[in-house]
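Written below as structure tokens is the structure these notes are about.
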């Protein structure tokens, strides 16, 4: 019939048009994804720059704190280190000259000194014990 012929004639054109529209939509979606990827890359670069600045700042601050403890009298340093976070105290002691650190540990309460020594020994281990 004439209707069937009409439908079969326009079916290919309609299918082609549908494919063209889908291809255009995919291109638009790809462009949006590319835009988002660029934005994410920019944010990542910004974050990495910030992280580097933060690490430099913390290293400087840490060195400053170590220098402060290096200049303190051993009994005063021992007293202060006994009340700060044990990991921080151990990190400070590890960065100090070994003679200065040993004098400070000698001035500390035995239990606190033992705890810090254990943390320092664990941190000095290069091989994972597990």
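Numbering (the working numbering), first residue to last: 44 to 173. Just so you know, even glycine gets a beta-carbon here, dropped at the ideal spot from N, CA and C. Note that the structure is a prediction, hence the values are computed from the model and not measured.
Under the criterion of beta carbons closer than 8 Å, residue 121 and residue 147 qualify as touching, at roughly 5 Å.
For residue 149, the three-state secondary structure derived from DSSP is helix.
For residue 118, the secondary structure class from DSSP, reduced to helix, strand or coil, is helix. The beta carbons of residue 125 and residue 155 sit closer together than 8 Å. The criterion of a C-beta distance shorter than 8 Å is not satisfied by residue 108 and residue 76.
In this structure, the CA atom of residue 106 is about 40 Å from the CA atom of residue 79.
By the C-beta density criterion, residue 62 is exposed, having fewer than 16 other C-beta atoms within 10 angstroms. Note on geometry: alpha-carbon atoms of residue 94 and residue 57 lie some 55 Å from one another. When 86, 92, 144 are compared, the shortest CA-CA separation from residue 110 is found for 144. For the 8 Å CB-CB criterion, residue 131 and residue 112 do not form a contact. DSSP places residue 99 within a helical segment (H, G or I) once states are collapsed to three.
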